Each structure stands twice: as C-alpha cells, then as structure tokens.
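Right, one structure below, let's go through it.
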Amino acid sequence: MPEILMPLSVAHINFSDAQGGAAAVMHNLVQAHRRAGINCTVFSARPVRAGSRLLGFGIKNKAHLLLKILQKASVIRNSIMNDSAGVCSSLYYKQLTSPVPDIYHVHNIHGGWFSLGLLPLLAKKAPIVWTLHDEWAITGHCVATLGCERWRLGCGDCPHLDTMVSVWRDNTAANWLKRKQIYAQLSDAGSTMVPVSKWLAQRVSESPIWKGPIVAIPNGIDTNIFYPSSKSEARKALGLDSSSKIVLCGAVGGTNNPFKNTGLIFDVLNHLQPKQKITIILLGNENRTYKNNQFISYVTPGHITDRELMRKYYVAADLVFYPSKADSFGLIVAEAMACRTPVMALAIGGICEIVEPDYNGCLFADDASAKDIEQTMKLLLENQNKLNDLGEKAHRTIKEKYSLDIMAQQYLDLYSSVIQKRKKQEIAG
-17 MPEILMPLSV AHINFSDAQG GAAAVMHNLV QAHRRAGINC TVFSARPVRA GSRLLGFGIK
43 NKAHLLLKIL QKASVIRNSI MNDSAGVCSS LYYKQLTSPV PDIYHVHNIH GGWFSLGLLP
103 LLAKKAPIVW TLHDEWAITG HCVATLGCER WRLGCGDCPH LDTMVSVWRD NTAANWLKRK
163 QIYAQLSDAG STMVPVSKWL AQRVSESPIW KGPIVAIPNG IDTNIFYPSS KSEARKALGL
223 DSSSKIVLCG AVGGTNNPFK NTGLIFDVLN HLQPKQKITI ILLGNENRTY KNNQFISYVT
283 PGHITDRELM RKYYVAADLV FYPSKADSFG LIVAEAMACR TPVMALAIGG ICEIVEPDYN
343 GCLFADDASA KDIEQTMKLL LENQNKLNDL GEKAHRTIKE KYSLDIMAQQ YLDLYSSVIQ
403 KRKKQEIAG
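Numbering-wise (my numbering), the sequence shown opens with residue -17 and increments by one.
Here it is, written out as structure tokens:
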C-alpha cells in the first residue's frame, strides 16, 4: 500500500454538488475524507451545500449577468454541437488554481458547462483522477451506449442523438476525435480514469481514445445512513399497509427517464396476478396517479432527497424491482441491499457485479419477457423465508465489499500513488 501523504488537498469538480448519483457519491467521499483529515474543496456549477464553491459566475451586478448569459450560451451551443465550448475556461482555470491542490478529482463534466480542453492545463498543475460515473468520456456524446458500438470506431452517424446528453446536430465524430487528442495529453501527464465498476473499466480499456491508467473503484455506500431496521416500524412511519407485500420501483426522473426502463415495470404488473395484496411504490413520479385494483395499489411519493426518508422506503419494501437498461454501477441497487432488501434487476452494466443471482438477489437477461419476470416476482413475494435469506446476504455483500470506508481508502491509496509518481517524474526531469 502506498504511503498516505498528509496533509492532502483535493479539488472535486462536478456539475452539481447535491443532485444525482455522481453528486451523492462525491459528497459521501468528501465527507469520509474530511473526517480523515483531508482538505477537500468542491467546485460546482450549481453549489447548494455549505462549503461548496461556485465554478463560474455569480450574478452580483450587470457585468456578471452578461457573463452568466455567455456561460449559458456555451451550454446552448453544446446542445447543437455537443462540444464543450468553454466560454468560461479562463475563469474556471483561475478559480481552480487559486490555490493549486495536490489532486484534481473530476466527476461529471458533461452538459457543456465545462471544457474538456481545460483538463490538460490543470493536469500540468496537479495529477488528475477522473471518476467515470457513466460512458460519456469514451463516446462522442452519449452517457449510455445502449448497445451501439460506434464508440469503438469513432462515432458519427449517431443513432441516439435524443438521449442524454441530447443534441440537435450530429457532431459526435468530431467530438470523439477531440477527446482522443485531449486524452493523449492527459495520459502523458499521468492522469488516471477511475470507472465505478469492472464492467465500465473493461469498456474504457477497449476504447481507442484512452491509453492512460485505468483503476476501477466501485462506489461505496455509507452504511451509517443506509442500514436495516424494523420493517413494521418503517411502514408505520410511512403510512404503508402493514399487511401488504411491498415492491419498490424507482429512479431519478421516474417514468420520464428513458434509461430506467419503467415501461417494463408496468408490463410486469399487467401480468401479475397475486394471491395477496401488493403495494407498488413508484419513486420519482411527481404529479401522477395510478389506478388501484383489488390486489395492487400504488404509492407515488415523488422524488425523495432526504436520505433517512429514502432509507425507510428501502426498509419498508419486501423487494426492489430495478429494470434499468443502462447503469454503470447501480446506486439504488446497492443502497437497497444495504438496508437488507433484495433486488430484482436486469443483468446489465455494473449491476451484475453487485447482485449475485440466487445468492443475494435476482438477475434477468436484458431481453427477458415480462411474464418470466412476473413469475419470479410472484414466487418471491410468496416465499418470505427466501426474501429474508436474500436480504441478509445482500446486506452482507454491501458491508463486506461496497462500504464507504472501503471506497474512501481505495481513493486515498490512488491519490498517494499518483502523487508519488508525479514527484518521481519531476525529479527525473
């Protein structure tokens, strides 16, 4: 294990400091490292949390308002060209180098608010560790390739222009080539890409545009926040039927999120003919109502940001159904498992590394029929002993392999390794 170099300063860069899975993972890591004595500063285009710093312009006067409009214009240009325009790169550079940290830890920078061309300049100042929360870095525009293999060839003729991050014009081939040129500089500077799963690490290793170091570090779950407790008490606190079987289905964006495959949820439920009452909790579905029937009722609490409230929903559920079509890790899956609730999911992305079929959950092929999934769901809901066994092993899996402490230590080891490597390079001249 590399020697931990203290004191250590780390500048984290992410679009949001509070919204989305990448922000949640970053926040947990920052909190863990601060407790360990690391000086962490979060730079965000939309800072909300106390202590985070604005990366860009605040609107304090007319001049700043004009610059803010220019900043927005770069995002609009990105929606047409899908190329980070970098209107504000000089300001960003000044903010991120005053002072220079020991490490730049980059997270999600897609969406046009941050110029990739800024990264090589920062890499000259300090080593870059770039956590890949999705596939965007190795494509010409997509955060999820959804079966398309053009990222291996140079993109262009993109079949998914309307998916995140959506664009009006196909400039994906130029974007892919630009990434290749920038990544060559990053690789020469010793930057490291950190995919959040072995699956994503394999994708990056097969990419023609990245030739630098790759270190897979899975996301860590804070088991002081997501932990099991009394199911009956959780249901009482949430006003849920204590006699009903409960299936939780959810994702940020709900049925409006194309990656989360929520249409399959309703296909499965249409086949479901339960012998007992079932409550379906649909997270992320605001201002929508669903028709109950004799056996199935729906609860739609909307998008939940309070983590203790989210924990209670995980605990209250007998089963989580998460049929995502694209997921580099599976944060909802891991959080639910930490709360001793087993998960049914499709065998895609990083989820396959967390859920072990018939040991701590259930996996289905991505082309599995709704009928096959329904039959498994029905059998599980009728077998409480099986649910208990899967849940116990799910909880154990997270504690032993995917805890926040494990992730925090792995990043500390990586930080120390890249800093020592940089120092050796500087000595060697």
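Heads up, the beta-carbon is just placed ideally off N, CA and C, and yes, glycines get one too.
This one's a predicted model, so the numbers in the text were calculated from it and none came from an experiment.
Give me the Cβ distance between residue i and residue j, rounded to the nearest whole Å; I'm assuming they're in contact under 8 Å.
| i | j | result |
| --- | --- | --- |
| Leu313 | Ala6 | 7 Å |
| Arg427 | Gly172 | A question about residue 427 goes unanswered here, because the residues of the chain that appear run from -17 up to 411. |
| Ala105 | Leu168 | 6 Å |
| Ala347 | Ala329 | 6 Å |
| Ala18 | Ala390 | 7 Å |
| Ala4 | Asn90 | 4 Å |
| Val111 | Tyr397 | 7 Å |
| Leu73 | Ile164 | About 20 Å; that fails the 8 Å criterion. |
| Tyr280 | Leu264 | 6 Å |
| Ser189 | Trp118 | Contact flag wrong, Cβ pair sits at about 12 Å. |
For a quick check, are the C-beta atoms of residue i and residue j less than 7 Å apart?
| i | j | result |
| --- | --- | --- |
| Leu11 | Ala27 | no |
| Val297 | Cys321 | yes |
| His87 | His15 | no |
| Val422 | Ile355 | Outside the shown range of the chain (-17 to 411) lies residue 422, about which nothing can therefore be said. |
| Leu386 | Asp204 | yes |
| Gly332 | Phe311 | yes |
| Gly93 | Val147 | yes |
| Thr154 | Gly138 | yes |
| Phe241 | Lys193 | no |
| Lys273 | Ser226 | no |
| Gly343 | Leu372 | yes |
| Thr282 | Ala299 | no |
| Arg161 | Ile196 | no |
| Gly266 | Gly232 | yes |
| Pro200 | Ser179 | yes |
Name the DSSP bridge partner or partners of residue i?
| i | result |
| --- | --- |
| Tyr280 | Ile262 |
| Phe208 | In the DSSP output, where bridge partners are listed per residue, Phe208 has none listed. |
| Cys344 | Met326 |
| Ala(-7) | Thr23 and Tyr86 |
| Lys227 | Ile260 |
| Val176 | Thr113 |
| Leu222 | In DSSP, Leu222 forms no bridge with anything. |
| Ser301 | In the sequence as presented, Ser is not what sits at residue 301; that position holds Leu. Per DSSP, Val229. |
| Ile203 | Ser385 |
| Arg378 | For Arg378, which the question treats as bridged, DSSP gives no partner whatsoever. |
| Ser187 | DSSP lists no partner for Ser187. |
| Gln306 | Here the sequence assigns Ser to residue 306, which means Gln is not the residue at that position. Answer by DSSP bridge pairing: none, since Ser306 is not bridged. |
| Pro339 | Gly343 |
| Arg35 | Phe25 |
| Ser(-2) | Arg28 |
| Ile196 | Met175 |
Looking only at its own chain, which residues have a Cβ that is under 6 Å from the Cβ of residue i, when we skip the five neighbours before and after it?
| i | result |
| --- | --- |
| Leu(-10) | Ile20 and Asp84 |
| Ile62 | Note that Ile62 has pLDDT 41, beneath the 50 cutoff, so the model's placement of it is unreliable and the number below is only indicative. Counting only Cβ-Cβ distances below 6 Å, and skipping sequence neighbours, we find Trp150 and Arg151. |
| Pro465 | The requested residue 465 is not part of the displayed model; the chain covers only -17 to 411. |
| Phe208 | Arg293, Glu317, Ala320 and Cys321 |
| Leu495 | For residue 495 there is no data in the structure shown, the boundaries of the chain being -17 and 411. |
| Val82 | Lys107 and Ala108 |
| Asp116 | Val125 and Ser310 |
| Lys375 | Tyr341 and Asn342 |
| Ala45 | For Ala45, the predicted structure reports a pLDDT of 44, less than 50, and the residue's modelled location is therefore unreliable. The matter cannot be settled from this model. |
| Asn64 | Confidence at Asn64 is low in this model, with a pLDDT of 43, below 50, so the placement of that residue should be treated as unreliable; the coordinate-derived value is given next. Contacts found: His123, Val149, Asn153 and Asn157. |
| Gln392 | Ile199 |
| Arg289 | Ile207 |
Going by beta carbon distance, what residues of the same chain come within less than 8 Å of residue i, once the five residues before and after it are set aside?
| i | result |
| --- | --- |
| Met359 | Val229, Val250, Leu254, Leu301, Phe303 and Met326 |
| Lys218 | Ser224 |
| Lys406 | none |
| Leu363 | Lys227, Val229, Pro256, Gln258, Ile260, Asp300, Leu301 and Leu369 |
| Asn252 | Ala352 |
| Tyr75 | Leu100, Leu103 and Leu104 |
| Arg35 | Thr23, Val24, Phe25, Ser26, Pro29 and Gln77 |
| Arg378 | Asn342 |
Quick one: residues in its chain with C-beta nearer than 7 Å to the C-beta of residue i, no 5 flanking neighbours on either side, listed in chain order?
| i | result |
| --- | --- |
| Ser(-2) | Ala5, Ser26 and Arg28 |
| Leu220 | Lys294, Tyr295 and Ala298 |
| Val57 | Confidence at Val57 is low in this model, with a pLDDT of 46, below 50, so the placement of that residue is unreliable and no value is reported for it. |
| Pro141 | Cys130 |
| Asn388 | In the sequence on display, residue 388 carries Ile and not Asn. Cβ within range, chain order: Gly202. |
Practice item. Could you pull out every unbroken alpha helix (DSSP H) segment of at least 4 residues lying fully inside the stretch 122 to 172, listed in chain order? Key: 154 to 170
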